[in-house]
Amino acid sequence: MLNIKFKNEGTKTSLLKDSLLMRFLFEDENLKKQLGVLENLYGISIPEVQRKNILSEKGSEIKIYNPDGLPSILILHKVKTKKDFSNDYFRNYFAGFISSLHDENVSNLQIVLPELSTVGKYFSDESYFYQTFIEGIQLGNYRFDKYMSEKDSSKTVTVSLYGNKAGLDEAIKNGLALMDGVCFARDLANEPSSVLTPAELAQRSKKELEKLGVKVTIYDLKDIQKRELGGILAVGRGSDNPQRLIVLNYKPAKAKKKIALVGKGVTFDSGGISIKPSAGMGEMKADMSGAAAVIGTFMSASKAGLQVELIGFVPAVENMPSGKAIKPGDIIKTASGKSIEVDNTDAEGRLILADALELAHDEKPDAIVDLATLTGACVVALGEYTAGLFTQDDTLAENLFQAGMNTFERLWRLPLWNEYNKLISSDVADVKNVGGKWAGAITAAKFLEKFTTGKVPWAHLDIAGPAIQNNLNNYTQKYMTGFGVRLLFEYLSKL
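Residue 5 is where the sequence shown starts when you use this note's numbering, and the numbers rise one by one after that.
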């Protein structure tokens, strides 16, 4: 893992020793002319083979070593905006590129940022455009290697960015604050469940967030029993690691909006008595990715100084089979007073969220957003690259959807029609916790809806697909992704 330092150099490019300089070419401009200008500017001669390659349709990059001159290495990267371009392009490119610096004898990476006009249809804000470069570098540099005996080198690389100075100031400030939260969320989700118990999740949150001015209140088992949080009590009772409820408060002086964030914190999900198949069960250490996203968002928001009041609820439990565990057929009562027939103990996340949503409503926020790795059915429907969005509020839906499009943490809205209620009806309780074979993601959301008032805009994000490592891009392949932090940060910053 590299030790990376960012510098805002403004618009004037100076050539540095031991430096790799990166410039970008655009296929819809005169490439031959661009190459000629750069040859004259840096006193280099591009070999004919490389020239022909970059001018061809398939060619994408030239790398020139210049050991006796400045810069030591020059990379000219062709950006193909006519095909397969998105606002994730530079984020994804640098996430893949940054690890190559381990093998280069350079201590400086100089990036001449393109003009916003070259990609204007994809970005409306210059500082956010710049920020995607910072995000890509930080995401690609992320490692979870604390348990490895041999680690990547930790050499220091200074990343000098050249562009509009004011835009870069904001991009570096927000980008680094955001990435601190994303990387913390990833650390939490990648941690083995034998280490990250409910109590450990609570203590780490308290340790990292309170020094940033976030108030963290931890409720232990006795507190949860006193509050009669029946969903949290039921799910966690099969484990030797007792439940926790983590309540987060961030209240900046100039906040005009108050948003409640709720995150599912199942630190390991065996399925309980309705036990899961063994294949892939190791991924269930990340069944607290909703909680990680909420905690990471609090870190990023406080570091960036977002002027939005946040209150967070993270019910933290382990779902384990034992003689004390809940069983199919049990009936439990939640904080709202509603009763639930437990038909499947592997549908546990919604039980703890039922309590947390009740507590969130008590705070009278302007909106509530919950995040949960809730259903495999959502992954079947949308795949690993997209989260499900459920809400009855069109304005909240549009704001979250647009935040997802801007950050490439994308959402797709699914229905919450009342006809689905019949699938989770119970003859012995107010509601049943599963709905049979069909529409599993929707019936899970309809279940959660029963623990909302309808008076406060509420959205449920089923992040079961994109929270787990996947092959979408260069920064999601090896580790749990921290999905949701960038999305929520963007949503909150626009309020």
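C-beta atoms are modelled at their ideal positions from N, C-alpha and C, and glycine is treated no differently.
Would you give the residue range spanned by the alpha helix (DSSP H) that residue i belongs to?
{"i": "G185", "result": "169-194"}
{"i": "Y134", "result": "130-145"}
{"i": "P202", "result": "202-214"}
{"i": "R55", "result": "52-59"}
{"i": "Y495", "result": "489-497"}
{"i": "T447", "result": "444-453"}
{"i": "Y46", "result": "35-46"}
{"i": "A99", "result": "93-101"}
{"i": "S153", "result": "Looking at the DSSP string, S153 is not in any alpha helix (DSSP H), and its letter there is neither H nor E."}
{"i": "S164", "result": "First-last for S164: 160-166, but that is the beta strand (DSSP E), not the alpha helix (DSSP H)."}
{"i": "A1", "result": "Absent from the structure is residue 1, since the part of the chain shown begins at 5 and ends at 499."}
In terms of residues, what are the limits of the beta strand (DSSP E) holding residue i?
{"i": "L361", "result": "No beta strand (DSSP E) holds L361; the alpha helix (DSSP H) holding it covers 353-366."}
{"i": "K11", "result": "7-12"}
{"i": "I115", "result": "112-116"}
{"i": "S197", "result": "It is not in any beta strand (DSSP E) - S197 carries neither H nor E in the DSSP assignment."}
{"i": "S23", "result": "23-30"}
{"i": "A391", "result": "391-395"}
{"i": "K500", "result": "Since the first and last residues shown for the chain are 5 and 499, residue 500 lies out of range."}
{"i": "G316", "result": "313-323"}
{"i": "A371", "result": "371-376"}
{"i": "I279", "result": "Per DSSP, I279 belongs to no beta strand (DSSP E) and is neither H nor E."}
{"i": "K82", "result": "77-83"}
{"i": "S343", "result": "343-345"}
{"i": "Y69", "result": "65-69"}
Alpha carbons only, please: which of the options is nearest the one belonging to residue i?
{"i": "Q135", "options": "N109, T122, D156, G171", "result": "G171"}
{"i": "E402", "options": "D92, K498, K342, K219", "result": "K498"}
{"i": "Y97", "options": "Y483, F493, Y479", "result": "Y479"}
{"i": "E362", "options": "S104, G458, P419, D22", "result": "G458"}
{"i": "P369", "options": "D129, A295, I222, A264", "result": "A264"}
{"i": "G294", "options": "R354, E31, T160", "result": "R354"}
{"i": "L80", "options": "Y424, I48, D149, K454", "result": "I48"}
{"i": "K84", "options": "G167, K280, A203, L29", "result": "L29"}
{"i": "L17", "options": "N7, Y46, E33, L39", "result": "For clarity, residue 17 is Thr in the given sequence; the question names Leu instead. For the residues N7, Y46, E33, L39, the minimum Cα distance to T17 belongs to Y46."}
{"i": "L475", "options": "L6, G100, G73", "result": "The question names Leu, but residue 475 is Asn in the sequence shown. Nearest C-alpha to N475: G100."}
{"i": "N245", "options": "V218, R231, M324", "result": "M324"}
{"i": "V312", "options": "D72, L496, V218, R248", "result": "L496"}
{"i": "V186", "options": "D173, F148, S164", "result": "F148"}
{"i": "T501", "options": "A364, Y132, Y424", "result": "Nothing about residue 501 can be read from this structure; the chain reaches only from 5 to 499."}
{"i": "Y166", "options": "N12, A407, V432, F89", "result": "N12"}
{"i": "S274", "options": "G240, K261, L78", "result": "G240"}
{"i": "K450", "options": "A189, L378, E322", "result": "L378"}
{"i": "K340", "options": "K280, F455, K261", "result": "The question names Lys, but residue 340 is Ser in the sequence shown. With distances taken between Cα atoms, S340 lies closest to F455."}
{"i": "M152", "options": "K328, G144, M5", "result": "M5"}
{"i": "Q481", "options": "G488, R231, I472", "result": "I472"}
{"i": "E130", "options": "E174, N109, E154", "result": "E174"}
{"i": "I336", "options": "A433, L427, I77", "result": "A433"}
{"i": "A407", "options": "T399, C382, V435, E494", "result": "E494"}
{"i": "A290", "options": "P470, I115, K177, D431", "result": "P470"}
{"i": "S23", "options": "K62, P71, E61, V53", "result": "P71"}
Give me the Cβ distance between residue i and residue j, rounded to the nearest whole Å; I'm assuming they're in contact under 8 Å.
{"i": "I66", "j": "L35", "result": "Not quite, the Cβ-Cβ distance comes to about 11 Å (not below 8 Å), so this is no contact."}
{"i": "M303", "j": "L216", "result": "7 Å"}
{"i": "S64", "j": "K87", "result": "In fact, because the Cβ distance is near 12 Å, the residues do not count as touching under 8 Å."}
{"i": "N91", "j": "F137", "result": "No, N91 and F137 are not in contact; Cβ-Cβ is about 12 Å, not under 8 Å."}
{"i": "A468", "j": "G380", "result": "6 Å"}
{"i": "T160", "j": "K9", "result": "7 Å"}
{"i": "L113", "j": "G267", "result": "L113 to G267, Cβ: 35 Å. No contact."}
{"i": "L192", "j": "A296", "result": "4 Å"}
{"i": "L465", "j": "V373", "result": "7 Å"}
{"i": "N194", "j": "Y483", "result": "5 Å"}
{"i": "S278", "j": "N348", "result": "5 Å"}
{"i": "M292", "j": "G269", "result": "5 Å"}
{"i": "G140", "j": "R95", "result": "4 Å"}
{"i": "A189", "j": "I299", "result": "7 Å"}
{"i": "E322", "j": "T271", "result": "6 Å"}
{"i": "D397", "j": "P461", "result": "4 Å"}
{"i": "I507", "j": "G144", "result": "As displayed, the chain neither begins before 5 nor continues past 499, which places residue 507 out of reach and without an answer."}
{"i": "D359", "j": "G235", "result": "4 Å"}
{"i": "I330", "j": "G242", "result": "7 Å"}
{"i": "M26", "j": "I115", "result": "5 Å"}
Please report whether the beta-carbon of residue i lies at a distance below 8 Å from any beta-carbon of chain C.
{"i": "Y254", "result": "No chain C appears in the structure shown, which is made up of a single protein chain."}
Cβ contact check for the stretch 236-252 and the stretch 309-323: 3 or more pairs under 8 Å: Yes, they touch.
Contiguous alpha helix (DSSP H) assignments of at least 4 residues, all confined to the stretch 215-272: Whole alpha helix (DSSP H) segments, 4+ residues: 225-230, 234-240.
At least three beta-carbon pairs within less than 8 Å, the stretch 384-393 to the stretch 414-427: Yes, they touch.
Touch test, the stretch 221-241 against the stretch 306-313, Cβ-Cβ under 8 Å, three pairs minimum: No: fewer than three Cβ pairs fall under 8 Å.
In chain order, each alpha helix (DSSP H) run of at least 4 residues that lies wholly inside the stretch 387-440: DSSP runs (the alpha helix (DSSP H)) wholly in the stretch 387-440: 398-411.
Stretch-stretch touch, CB-based, cutoff 8 Å, three pairs: the stretch 201-215 with the stretch 146-163: Result no; under three Cβ-Cβ pairs closer than 8 Å.
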